[in-house]
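Chemist: Number 1256 in our numbering belongs to position 62 of the sequence shown; there are no gaps in the numbering.
From the three backbone atoms N, C-alpha and C, an ideal C-beta is built for every residue, glycine too.
All figures in this text were calculated on a predicted structure; none of them were measured in a lab.
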Amino acid sequence: MTTPGEPGAIELGGGGTSTEGSEPATCASSGITMPCQDPELGWWSNVRNCYVQLSDPQPPSSAAIWGGRTDGAIYDCAQPRSGTFGGVLYTFWDAGVVVGLRS
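1. Confirm the yes/no value for this check: CB of Asn1243, any heavy atom of the ligand COA, distance under 6 Å.
2. Which full runs of the alpha helix (DSSP H) of 4+ residues lie inside the segment 1242-1283, going along the chain?
3. Using three-state DSSP, classify Ala1289 as helix, strand or coil.
4. Could you check what DSSP says for Thr1220 in three-state terms: helix, strand or coil?
5. Just to confirm, are Gly1236 and Gln1247 a CB contact at a threshold of 7 Å?
6. Which of the three DSSP states is assigned to Gly1236 in this structure?
7. Give the single residue among Ala1289, Thr1285 and Gly1290 whose Cα lies nearest to the Cα of Ala1257.
8. Taking Trp1287 as the reference, give the member of Pro1274, Asn1240, Ile1259 and Gly1281 with the closest Cα.
9. Please report how far the alpha carbon of Cys1271 lies from the alpha carbon of Thr1264, in whole angstroms.
Given below as structure tokens:
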């Protein structure tokens, strides 16, 4: 499993893991603290400014979003469900593992 800050990891929270004695990661959007996990939308990504989770179901391997790749996974990027722009904004491919989404 990759952790935030490593190559191939999708950055979540403050972009790093907490270590003993350091400040915990903060999840924020435009200076507003966000819950780091939403039970419906996934884990907050400060880098992408949205909640990220595996697309379910995964698109077929012939779908254009894979770009001919056979590794990685397709993820949903979603805003909180309040206001006009709530819900899935876009899907994306990433070779990394989203921390917290896979055990």
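Modeler: Inspection of the coordinates gives the following:
1. As for the ligand COA, it is missing from this structure, which has no ligand bound.
2. None, since the segment 1242-1283 contains no complete alpha helix (DSSP H) of that length.
3. If DSSP states are grouped into helix, strand and coil, Ala1289 belongs with coil.
4. For Thr1220, the three-state secondary structure derived from DSSP is coil.
5. Yes, Cβ-Cβ distance for Gly1236 and Gln1247 is below 7 Å.
6. If DSSP states are grouped into helix, strand and coil, Gly1236 belongs with the strands.
7. Answer by Cα proximity: Thr1285.
8. Of Pro1274, Asn1240, Ile1259 and Gly1281, the residue nearest in Cα terms is Ile1259.
9. If I take the Cα positions, the gap works out to 21 Å.
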